[in-house]
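If you count by our numbering, then the sequence shown holds residues 8 to 129, one letter each, in order.
For every residue, glycine included, the Cβ atom is placed at its ideal position computed from N, Cα and C.
Note that the coordinates shown come from a computational prediction; the quantities given were computed from them, not determined experimentally.
Step one of this worksheet: look at the structure below.
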Amino acid sequence: MIIMELSMCNREFYKMNDRLIKTFSALSNNQRLAIFQKICEKTHCCFYDSTSAEISDDLYSCNVGEISSTFELAPATVSHHLKELKNAGLINMQRKGKFIYLTPLQEPLEELKLFFSGILNQ
8 MIIMELSMCN
18 REFYKMNDRL
28 IKTFSALSNN
38 QRLAIFQKIC
48 EKTHCCFYDS
58 TSAEISDDLY
68 SCNVGEISST
78 FELAPATVSH
88 HLKELKNAGL
98 INMQRKGKFI
108 YLTPLQEPLE
118 ELKLFFSGIL
128 NQ
């Protein structure tokens, strides 16, 4: 019984390590790290469609156009960086009309927090 529990713990440990490796890999690029920081910052702002008086359902998200204009990057470059962040499980991308909204995912941020708090508490 104890051996089975240890085996399960080891599997979970390696799964978390794999996710952390993907996270660190995605954030190891300066532009991607800056884009991810911007997405995290902008999730506290409201965005609305300027053609209507109604605020978007995505009150706490950032759109791709903002990323392009903020960092003055080619659309293909922004697309590449966002794809890497999405594949690493760091962001969610949702199309609403002609806009693509970006939100950071909570789980990888919590895993990073756990990882670094474990290092600091040693």
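Taking its Cβ as the centre, do 16 or more other Cβ atoms sit within 10 Å of residue i, making it buried, or is it exposed?
i	result
SER68	buried
PRO82	exposed
Whose C-beta lies closer than 8 Å to the C-beta of residue i among residues of the same chain, with five residues either side of it excluded?
i	result
GLN38	PHE78, LEU80, THR84, HIS88
I'd like the list of long-range same chain contacts for residue i, defined as Cβ closer than 7 Å, with 5 residues on each side in sequence excluded.
i	result
LEU97	THR30, ALA33, PHE43, PRO111, LEU112, PRO115
PHE122	LEU27
In this structure, does DSSP put residue i in helix, strand or coil?
i	result
GLN3	With the chain covering 8 to 129 only, the question about residue 3 has no answer from this structure.
LEU127	helix
LEU121	helix
LEU109	strand
ASN36	coil
Taking the alpha-carbon of residue i as reference, which of the options has the nearest alpha-carbon?
i	options	result
LEU92	LEU27, LEU121, PHE123	LEU27
ASP25	ILE74, LYS45, GLY104, ALA95	ALA95
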